[in-house]
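Its first residue numbered 1, the sequence shown is counted upward by one per residue in the working numbering. The beta-carbon is built from N, C-alpha and C at its ideal position, and this holds for glycine as well. As the structure is a computational prediction, the values presented were derived from the model and not from experiment.
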Amino acid sequence: MYKNAVVTIDAVDYANQLNKARLVPDQPVQTMRTLVPDGVVQDVDSPVWTFEISGLQINVSGGLADALRDANGGELDVVLQPKAGTGQATATFTVLALMPEFGGEQGEWLTQELELPVVGQPVFGLSS
């Protein structure tokens, strides 16, 4: 179960502002069928990663939306840990900050959804 997560972006924990935080790979596979009946050659590319987040749109100091707006176009270091504690799975990676949504509908929570591109490959490990 994904709860009591740790999501730090540039060393600030934003887990209490998010309801989704996940790394999503895009890993194309090329297939070539050859001239023999069972002839198939396949090649797998390296994955390109996206960090998907959604949650509250907090536009003041201490808010993730505010931090993303300030860092727009810059690189941010992220640690994603689906469950807090020692010995838990972690992913450490760098994302490019994108401009978040601003505003919303009357009587509704201000929310945001973003797909942030990951620079290079995540490093997977365990928390200490």
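Minimum Cβ-Cβ distance from P37 to chain D less than 8 Å:
Of the protein chains in the structure, only one exists, and it is not chain D.
Just reading off the beta strand (DSSP E) that D66 is part of, what are its end residues?
Here D66 belongs to no beta strand (DSSP E); instead the alpha helix (DSSP H) covers 64-70.
Which ranges would you report for the beta strand (DSSP E) in the segment 10-76 if only whole runs of at least 3 residues count?
18-26, 29-33, 40-44, 48-56
Reduced DSSP category for E115 - H, G, I as helix; E, B as strand; rest coil
strand
For P25, count neighbouring C-beta atoms within 10 Å of its own C-beta (all shown protein chains included) and say buried if the count is 16 or more, exposed if not.
exposed
L80 bridges to which residues according to DSSP?
V7, A91
Assigned secondary structure, P122 (DSSP; H/G/I helix, E/B strand, else coil)
strand
Would the beta-carbon of G74 fall within 8 Å of that of A97?
yes
When the Cα of E105 is compared with those of N72, M99, Q57, which residue comes out closest?
Q57
Tell me whether L96 sits in a helix, a strand or coil according to DSSP, three-state version.
strand
Integer Cβ distance of N72 from D66, believed to fall under 8 Å:
Wrong, their Cβ atoms sit about 11 Å apart, outside the cutoff.
Cβ-Cβ distance between G87 and L116 below 8 Å:
no
Is it buried or exposed for A11, if we count other Cβ within 10 angstroms and need 16 for buried?
exposed
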